[in-house]
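Asker: Here you go, one structure.
In full-length UniProt numbering, the protein residues as written are 1 to 328.
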């Protein structure tokens, strides 16, 4: 009898042990199934994401090809008229009106991402607001291949300055400078600062008509006399005002640059002379330009005052240029 009881107890222990092992196995199986389900869901999500990404990429490629073909249907590229880090500008003939336009073709690497695209679109939106005889006229932009189309001007003031290193016709220089100031005054009236004025961004439509271009880093003014925190070190350093090296400045940065450009128009300079003279202006060391006319010297001095508050507004400069008879 005792032996029989021991056998029953042993069998009972075995059954309990088997039940325990089976429960452990079931729990392990359940955990593995849960992990597998989560992996399947993750894979499905990734597959869905990839499918959607491929769809959008295909859509962009189709749109790009379609619009590229549309551009080539409407324009005939003639020749490249300018190159730089931004890309190139080429002359193109419009098939509809047989007119010639300048098309800026920008190279936007994938690594630049959406920020560069938005910068291009910003320039397009700024240019679209301007309709002035001294500013390059803007006509359109292709978003996926941002080729802003604008009025054709093939020669820049920088080109002219390099080609004319002898004496200058100061009457003509005053006329050109007045057109530049008119353009900048218009930009300020529209509520923007150019921030990158320089001879290479000033183009000739004809021998006597000047147009300002390249407002890619233009900044909104806010109140006309307001000094705001803005992008650090925007623009070309050689033509920057003293305060533009910081992040706090106003529309008067353009006024300072106008003074440098006027000085460069009136006096032929070598590269070393230009650097030294412009640096002296920024440091408030005075005007050493060999200009006989006192009115011209005084105006350049006012435009390049070290303190921005001491510089005139563009409208004041225009009034002075219109009313004052300089001894040219």
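We treat Cβ as the ideally placed atom computed from N, Cα and C, and that holds for glycine.
Count the other CB atoms, across all protein chains shown, that sit within 10 Å of the CB of residue 18; report buried if there are 16 or more and exposed otherwise.
Answerer: The residue in question, residue 18, is exposed, as its Cβ has fewer than 16 Cβ neighbours within 10 Å.
Asker: Between which residues of its own chain and residue 80 is the CB-CB distance below 6 Å, once the five residues before and five after are set aside?
Answerer: Excluding residues within five positions, the ones whose Cβ falls inside 6 Å are 88 and 90.
Asker: From residue 99 to residue 93, what distance separates their C-alpha atoms?
Answerer: The straight-line gap from Cα to Cα measures roughly 6 Å.
Asker: Leaving aside the five residues before and after residue 214 along the sequence, list all residues of the same chain whose C-beta is less than 6 Å from its C-beta, in chain order.
Answerer: 201.
Asker: Taking residue 132 as the reference, give the member of 277, 122 and 181 with the closest Cα.
Answerer: The shortest C-alpha separation from residue 132 is found at 181.
Asker: On the three-state DSSP scale, how would you describe residue 246?
Answerer: Three-state DSSP puts residue 246 in coil, outside helix and strand.
Asker: To the nearest angstrom, how far is the alpha carbon of residue 240 from that of residue 283?
Answerer: Answer to the nearest angstrom: the Cα atoms are 12 Å apart.
Asker: Compute the Euclidean distance between the alpha carbons of residue 188 and residue 104, then round it to the nearest angstrom.
Answerer: For residue 188 and residue 104, the distance between alpha carbons rounds to 24 Å.
Asker: For residue 130, is the classification buried or exposed, using 16 other Cβ atoms within 10 angstroms of its Cβ as the cut-off for buried?
Answerer: With 16 or more other Cβ atoms within 10 Å, it is buried.
Asker: Buried or exposed: where does residue 2 fall if 16 or more other Cβ atoms within 10 Å of its Cβ makes it buried?
Answerer: Label assigned to residue 2: exposed.
Asker: So residue 204 is in the beta strand (DSSP E); what residue range does that whole segment cover?
Answerer: Start and end: 202 to 204.
Asker: Can you give the Cα-Cα distance for residue 330 and residue 310, rounded to whole angstroms?
Answerer: Residue 330 is absent from the model: the chain starts at 1 and stops at 328.
Asker: Please name the residue, chosen from 257, 290, 256 and 286, that lies closest to residue 269 on a Cα-to-Cα basis.
Answerer: Of 257, 290, 256 and 286, the residue nearest in Cα terms is 290.
Asker: Rounded to whole angstroms, what is the Cα-Cα separation between residue 195 and residue 253?
Answerer: Computed Cα separation, rounded: 7 Å.
Asker: Are residue 260 and residue 281 closer than 8 Å when you measure CB to CB?
Answerer: Cβ atoms of residue 260 and residue 281: closer than 8 Å.
Asker: May I ask you to report which of helix, strand or coil DSSP gives residue 175?
Answerer: If DSSP states are grouped into helix, strand and coil, residue 175 belongs with the helices.
Asker: What distance in whole Å lies between the Cβ atoms of residue 303 and residue 262, which are believed to be in contact at a cut-off of 8 Å?
Answerer: Yes, residue 262 and residue 303 are in contact; Cβ-Cβ is about 7 Å, under 8 Å.
Asker: Assuming residue 274 and residue 264 are in contact, meaning their beta carbons sit under 8 Å apart, how far apart are those beta carbons, in whole angstroms?
Answerer: Residue 274 to residue 264, Cβ: 7 Å. Contact.
Asker: Between the C-alpha atoms of residue 76 and residue 44, what's the straight-line distance to the nearest angstrom?
Answerer: C-alpha separation (whole angstroms): 48 Å.
Asker: Mapping the DSSP letters down to three states, classify residue 99 as helix, strand or coil.
Answerer: Correct three-state label for residue 99: coil.
Asker: Quick one: grab the DSSP three-state call for residue 77.
Answerer: In the structure shown, residue 77 sits in a strand (DSSP, three-state: E or B).
Asker: When you compare only the Cα positions, how much space is there between residue 329 and residue 47?
Answerer: In the structure displayed, the chain extends from 1 to 328; residue 329 sits before or after that span and is not available.
Asker: Applying the 10 Å Cβ sphere with the 16-neighbour rule, what's the burial state of residue 266?
Answerer: Answer is buried; the Cβ neighbour count reaches 16.
Asker: So if DSSP puts residue 191 in a beta bridge, which residue, or which two residues, is it bridged to?
Answerer: Paired residue(s): none; residue 191 is not in a bridge.
Asker: Helix or strand or just coil, what does DSSP make of residue 136?
Answerer: Coil.
Asker: Give me the Cα-Cα distance between residue 238 and residue 209, rounded to the nearest whole angstrom.
Answerer: Residue 238 and residue 209: Cα-Cα distance of roughly 25 Å.
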